[in-house]
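This report refers to the structure that appears directly beneath it.
Protein chains: 4
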Amino acid sequence: MTIEASSPAAAGARRRIRLGMVGGGEGAFIGAVHRIAARLDDHYELVAGALSSTPEKALRSAAALGLARGYADYLTMAREEAARPDGIEAVAIVTPNDQHAPAAQAFLEAGIHVICDKPVTTTLADAQRLRALAQSRGRLFAVTYNYSGYPMVRHARRLVQDGALGDVRLVQVEYVQDWLSEPLESTGQKQAAWRTDPQRSGAGGCVGDIGTHAYQLAGFVTGQQPAQLCAELSRFVPGRALNDNVQVMLRYASGARGMLWASQVAPGNENALRLRIYGTRAGLEWEQEHPNQLRFTPLGEAPRTVSRGTGSAHADAARVTRLPSGHPEGYLEGFATVYTEIAQAIHAARDGRPAPAEVLFPTIDDGVHGVAFIEAAVRSSAAGATWVDV
Amino acid sequence: MTIEASSPAAAGARRRIRLGMVGGGEGAFIGAVHRIAARLDDHYELVAGALSSTPEKALRSAAALGLARGYADYLTMAREEAARPDGIEAVAIVTPNDQHAPAAQAFLEAGIHVICDKPVTTTLADAQRLRALAQSRGRLFAVTYNYSGYPMVRHARRLVQDGALGDVRLVQVEYVQDWLSEPLESTGQKQAAWRTDPQRSGAGGCVGDIGTHAYQLAGFVTGQQPAQLCAELSRFVPGRALNDNVQVMLRYASGARGMLWASQVAPGNENALRLRIYGTRAGLEWEQEHPNQLRFTPLGEAPRTVSRGTGSAHADAARVTRLPSGHPEGYLEGFATVYTEIAQAIHAARDGRPAPAEVLFPTIDDGVHGVAFIEAAVRSSAAGATWVDV
Amino acid sequence: MTIEASSPAAAGARRRIRLGMVGGGEGAFIGAVHRIAARLDDHYELVAGALSSTPEKALRSAAALGLARGYADYLTMAREEAARPDGIEAVAIVTPNDQHAPAAQAFLEAGIHVICDKPVTTTLADAQRLRALAQSRGRLFAVTYNYSGYPMVRHARRLVQDGALGDVRLVQVEYVQDWLSEPLESTGQKQAAWRTDPQRSGAGGCVGDIGTHAYQLAGFVTGQQPAQLCAELSRFVPGRALNDNVQVMLRYASGARGMLWASQVAPGNENALRLRIYGTRAGLEWEQEHPNQLRFTPLGEAPRTVSRGTGSAHADAARVTRLPSGHPEGYLEGFATVYTEIAQAIHAARDGRPAPAEVLFPTIDDGVHGVAFIEAAVRSSAAGATWVDV
Amino acid sequence: MTIEASSPAAAGARRRIRLGMVGGGEGAFIGAVHRIAARLDDHYELVAGALSSTPEKALRSAAALGLARGYADYLTMAREEAARPDGIEAVAIVTPNDQHAPAAQAFLEAGIHVICDKPVTTTLADAQRLRALAQSRGRLFAVTYNYSGYPMVRHARRLVQDGALGDVRLVQVEYVQDWLSEPLESTGQKQAAWRTDPQRSGAGGCVGDIGTHAYQLAGFVTGQQPAQLCAELSRFVPGRALNDNVQVMLRYASGARGMLWASQVAPGNENALRLRIYGTRAGLEWEQEHPNQLRFTPLGEAPRTVSRGTGSAHADAARVTRLPSGHPEGYLEGFATVYTEIAQAIHAARDGRPAPAEVLFPTIDDGVHGVAFIEAAVRSSAAGATWVDV
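Protein chains in written order, with our numbering: chain A, 13 to 402; chain B, 13 to 402; chain C, 13 to 402; chain D, 13 to 402.
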């Protein structure tokens, strides 16, 4: 029942990283999540923000949060912070999707590390351009595919890497919600409004908002990206501008086959992200809504329930575990692990060291994969749900 | 805690129907299930059988079961039973798939009702021909898609029919096993051997053995058949002659969309048949391995767990319920319900009445749908997993 | 996926045992269950009955069931059946509790094996007397504590016997219902009426009706009976004559400790019989409402879900298994196993052999233990919930 | 999917409360939890600490955490902090149990609010004395029975208060672990060592460490304390100085009855705190390991699964909710809610206002109840598990 010395929460003594934020002001959802995630393990200090695209609201939000420096827009913020000796070292970009690319570009060009929400951009070209930019400037570019921060997802990935499943044959992944079963966007609900608006959300809709999470999770755990896909996008709610359901079949170069389903119109589902992988020797199953357990099923043996924090969980999971088994960790803890690993990479970068090998936060590479998936799905569906290369 | 007077088990006083069986001798699995199912509610008396395609084994099996009349082959049996005043009134055909059609034809032509295992034939033409034959002879032709006998499946069907789900948007169905994860057929295991042999099983493999169960269940509950499908069949086990995994996307004329997954190579899965349906107003979820409960999820309300035998279960479910809630009924009871409803139809036919409206056992129509599905899936997959009409 | 040759359903070829029934006529619940259980594996033929204490109803019920011989009362039945060459070999007694003892006595004295519902009598003295009588007459006396027929209960018992749990420390057992949360007996509901009537039910009430099931299950699995108990019986529903809730603490001579809770007034519970046993090396958990799985938890290892019909289930469970894993067996199958094992013992008795060692149906010994438990619980509670010897 | 303006995480703009800590240095478990909990919603700044009873370790731990002011002992800390204008306003006491009372006394006398871990003291007299002291000094005294911070526990409490359950009849609560199944204390494991040492832990052992959590949870939700109890304490592990299992029967003045079981020797259990309450009209069930759902079972209706963050959760739950439904909150979030509500009360106290009515953090009253329970359980067990007044 001790917290390990190596736990994410144990490293509080290092100087905190100065963090800025773009987006996430009044009425936002994910901005508050990023702030808690950054604070939870005490590796960051949020000191600056351009929290809204409306200057007045941006300043008011910064004051409400007690930030040291509020900005009316992110271009000014990038320029001025870069010029200060005590300027921010990293920025969290938590705007609607269409603002990710220009904001990320501004901060990368100012020499500031970027932590960006997903999908990283609305076009594949933009994502690739940002990847090149981050590389040329030598800055970190993290993309908060936060589900890869859950300890049992780390355990799952290790099972696959260690060959416990044998050769992977089947990848079944789904992310199912119900909150857009009715035209919520027409009521003015802010989260629904931008997510169903092609201008702000990109062509993705459901496939971009949550399909891409499912896709990244499958790739994170299996270590494979599919070579081809066949996708059917649907708009079930009358008047909706973007898809609210997506069904995909996946082909991997290894011969593995997969199915991906994401929906926002399935009553009774909250955030039902579920991954099942089956190989020649064993299977594994994991559900985000009960993230502290993983089902591991060696062929011909009784299935096991592996629990976070127990001796049965791999060191990769233990390393990102804060609490003893049976005291559930949740979404914020998984998100905080992503932030803590980014902090470890930033510290390493400052010292001229490479990021520790065990640090697994998603990067712009995941971001590019994600946008490539969205574009392929849209392309396939537009062609009548035919097979396309990813 | 009383068994209802209308329960399947309450009708024992009627004269028992004389039943014959083809197949189901030594080493068989499903024959014994049919025998228990026929016996459970006491509506049948098993009096004759041609229990194997090997004459000697057929006779030995009949003796072992204590049957009044054992036959060396089913053609003789059809002819002689038809000629007896106390001959069988119905026959259960439980052979490997390739024998279904010739046996069914022989008994229909002899004027005997047919109860046949699924898939009803190995070709669509055969299934259609049998349908016409049954109709012209005025004989009943039941196909034992037994999962439609579960009380909560009846409840699910009623929910859809009554509009409790609103318009159906999504149909997600899967049937997942692991018993063929390795080349079991090469060990001589009888069940594996014929199921993976195109000669005896037909082109179906996994899609024919269990995919068709999933397909029928979805059709039974939704009342809809898909117009088009796109199927990817896979053979994962080296040397296997037939598919052991199938992934399908479905399009319904109503605009609904579906996914179907069946697998025999997913370690940790036994008979994981799972149906999820989502409409504009509610969703429902049901799992065969825990069949006494159904999850019903009205949009915007707390999900309910509806339990067989409670006041929350619809009369359609109560009618096929034997036990109070909390005393689980299982696979044999659901199978027995199919047999009991067939008995009710046979009694009605004998009396010149139509079968009671509430009798819902699957018929040759379901059989034809099932084989049409298999053929369409095979055709789609052979064409590179493209969309085909069902 | 084959049914084992040794399965309960495989032994149909032996001549069927001629069975009679006392009680179980119109409006009864458990009688119909006994009839299905006797029929399921085809070892019995129900030929005679005195199905009600009301002669007219007894005869009408026998006719409705199509019995060969209906009797107006069980004394006549015992006498006449004993005199016939084709008379019954065994009788199932399924009346309210108060009629168990006189009926059992009559049939034992007539030389007929007895299968009696639980609790076997309403007084301990009666139970002991019947035990002596059965012994002196050399007749079998089975008591249908049916839950011991579930395959995974057999597996649990074997785990304890084989020392997989180490020394048993803790026994937590409960049986929870809600059907008597309101004064159902005042509505004339027959099952509620006799169960809450001290004249017909005995002093037990809830403790006799379901507490004794929980108690027997714990004893069956652990192989231990407690030495002392402390019981608090409650009557929550105003006007009720018998207890509807019982809480018990148990002390075993081995040093183990236990708790038993039975209730008929806990809304949301159907037949929630749940057993948990913990030893020095492992624990096990089993729930009657999902009887095909058992949770086995070796100390320091990941918990396993052992499933009926898989290779992980012990031979003791496989022996009483009819279906492949994932095709659920339920309450009737477990009940049928008790009947099938009784049949095996009757066959052995007829041949002058002892019953096979693997036959584990509950006997009058379990019946005596059960009534001793009820009496001790009533005595303890009456003394203010103090510790008493069992 | 918006975070409500009223959410715990939304109030970051207020000046942070200066917090100190006693205990929680190297090798401690709960100290780190308190620090995260205090930080999560950003209402506190940890500035001072006497983190160990070993002065050198205390100072080293404070430096490792980067605290502004490290102290070698808590008496010095209380004195010096009270004298500073920027001294701490509240102190978190997270030592082994025996140091709670002297430390709390020192800080209360210094005019500093106290947040103390449970059980609040090792004797009832101490707890009562501290209650009086806090009252006379006008300081807040919170006791971190953290499970009352879970949103669905708040929902449960509201269900009872609103009469949704009718009159409470039954209270079944348990807290089950396995980590002390073997003599872990003899290996030098620090958490095990002090918890099994009567000098540091008090007479409680298992009943004090986790039994008291179960007891407080039941009282928090029902609003009732039992009048009498009968407790059996056991020491199963040879050589252990304190009980590792406790079984209790409870009598409430209202006529309700209860059972409480706490164990540290039940293999396969992690932190299985489970509460079930049944009334005349409905029941509720909640499990700490899956805290985001609650089962609500109105008599005669289908059970509902009420989920945190949905429209079905009461405003009392929504008020302490940070995330949309389906994104699990866990142990740290519940703990943080306790801290956040304490902060709200401290702000109110500073402004001379009473704490807001909706603030429900446990106080020294809960602390006194908890120690009274421990003492009664020890007393009852010592007298042979007889009934005693609480």
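Glycine is no exception: its CB is placed at the ideal position from the N, C-alpha and C atoms.
Predicted model, so just to flag it, every value in this text is computed and none were measured.
{"query": "Arg30(B), DSSP secondary structure in three states", "result": "strand"}
{"query": "Neighbourhood of Val155(D) by C-beta distance below 7 Å, restricted to the same chain and skipping five residues each side", "result": "Cys128, Lys130, Val132, Pro374, Thr375, Ile376, Asp378, Gly379"}
{"query": "Cβ contact check for the stretch 83–94 of chain B and the stretch 182–200 of chain B: 3 or more pairs under 8 Å", "result": "no"}
{"query": "For Leu136(C), the three-state DSSP class (helix, strand or coil)", "result": "helix"}
{"query": "Cβ of Trp399(C) within 8 Å of any chain D Cβ", "result": "yes"}
{"query": "Environment of Glu370(B) [buried if 16+ CB atoms lie within 10 Å]", "result": "exposed"}
{"query": "Sequence-distant residues of the same chain with beta carbon closer than 7 Å to Ala75(B), five excluded per side", "result": "Gly82"}
{"query": "Gly37(D) classed as buried or exposed, judged by whether at least 16 other C-beta atoms fall within 10 angstroms", "result": "buried"}
{"query": "Nearest to Ser324(C) (by Cα), restricted to the options Arg307(C), Arg334(C), His339(C)", "result": "Arg307(C)"}
{"query": "Distance between Arg30(C) and Asp365(C) (C-alpha atoms, nearest Å)", "result": "Looking at the sequence provided, one finds Arg at residue 365(C) rather than Asp. Distance between the alpha carbons of Arg365(C) and Arg30(C): 19 Å."}
{"query": "Helix, strand or coil at Asn283(A) [DSSP, three-state]", "result": "coil"}
{"query": "Chain C contacts made by the stretch 312–328 of chain A, where a contact means CB separation under 8 Å", "result": "Gly312, Glu313, Ala314, Pro315, Arg316, Thr317, Val318, Ser319, Thr322, Gly323, Ser324"}
{"query": "Contact between the stretch 172–191 of chain A and the stretch 268–278 of chain A (3+ Cβ pairs under 8 Å)", "result": "yes"}
{"query": "Alpha carbon of Gly123(B) to alpha carbon of Ala62(C), nearest angstrom", "result": "41 Å"}
{"query": "Backbone secondary structure at Ile222(B) - three-state DSSP", "result": "helix"}
{"query": "For Gly24(A), three-class secondary structure by DSSP", "result": "Caution is warranted here: a pLDDT of 45 is assigned to Gly24(A), below 50, making its placement in the model unreliable, and the coordinate value is therefore given only provisionally. Coil, per DSSP."}
{"query": "Proximity of Tyr290(C) and Ala278(D) at Cβ, strictly below 8 Å", "result": "yes"}
{"query": "6 Å CB neighbourhood of Arg170(B) in its chain, flanking five on each side removed", "result": "His326, Asp328"}
{"query": "Spatial distance of Pro303(A) from Tyr162(A) (CA atoms)", "result": "7 Å"}
{"query": "Interface flag, Ala168(B) vs chain C, CB-CB below 8 Å", "result": "no"}
{"query": "Residues of the stretch 28–51 of chain C with Cβ closer than 8 Å to any Cβ of chain B, in chain order", "result": "Gly39, Ala40, Phe41, Ala44, Val45, Arg47, Ile48, Arg51"}
{"query": "Coil, strand or helix - Ser275(B) by DSSP", "result": "strand"}
{"query": "Chain A within 8 Å of Thr199(B), Cβ atoms only", "result": "no"}
{"query": "Neighbour flag for Gly24(B) against chain A, beta carbons, 8 Å", "result": "Low confidence applies here, because Gly24(B) scores a pLDDT of 45, under 50, leaving its location unreliable and the question unanswered by this model."}
{"query": "Bridge-paired residues (DSSP) for Gln211(C)", "result": "Answer by DSSP bridge pairing: none, since Gln211(C) is not bridged."}
{"query": "Terminal residues of the alpha helix (DSSP H) in which Tyr351(C) lies", "result": "343–362"}
{"query": "Ala44(B) to Ile105(B) span [Cα, whole Å]", "result": "12 Å"}
{"query": "Cβ distance (whole Å) where Glu353(A) is taken to contact Leu372(A) below 8 Å", "result": "7 Å"}
{"query": "Buried or exposed (CB count within 10 angstroms, at least 16 for buried), Glu387(A)", "result": "buried"}
{"query": "Beta-carbon spacing of Gln203(A), Phe41(A) below 8 Å", "result": "yes"}
{"query": "Contacts that Ala284(C) makes with chain B (C-beta to C-beta distance below 9 Å)", "result": "Gly338"}
{"query": "Reference Gly235(A); option with closest CA among Val219(A), Val165(A), Phe153(A), Thr199(A)", "result": "Val165(A)"}
{"query": "Bridge partner(s) assigned by DSSP for Ile289(D)", "result": "Val183(D), Leu296(D)"}
{"query": "The stretch 225–233 of chain B touching the stretch 306–320 of chain B, judged by at least three CB pairs closer than 8 Å", "result": "no"}
{"query": "Pair within 8 Å by beta-carbon distance, Tyr351(A) and Ala50(A)", "result": "yes"}
{"query": "Per-residue contacts from Tyr343(A) into chain D (C-beta, under 8 Å)", "result": "Leu335, His339, Pro340, Glu341"}
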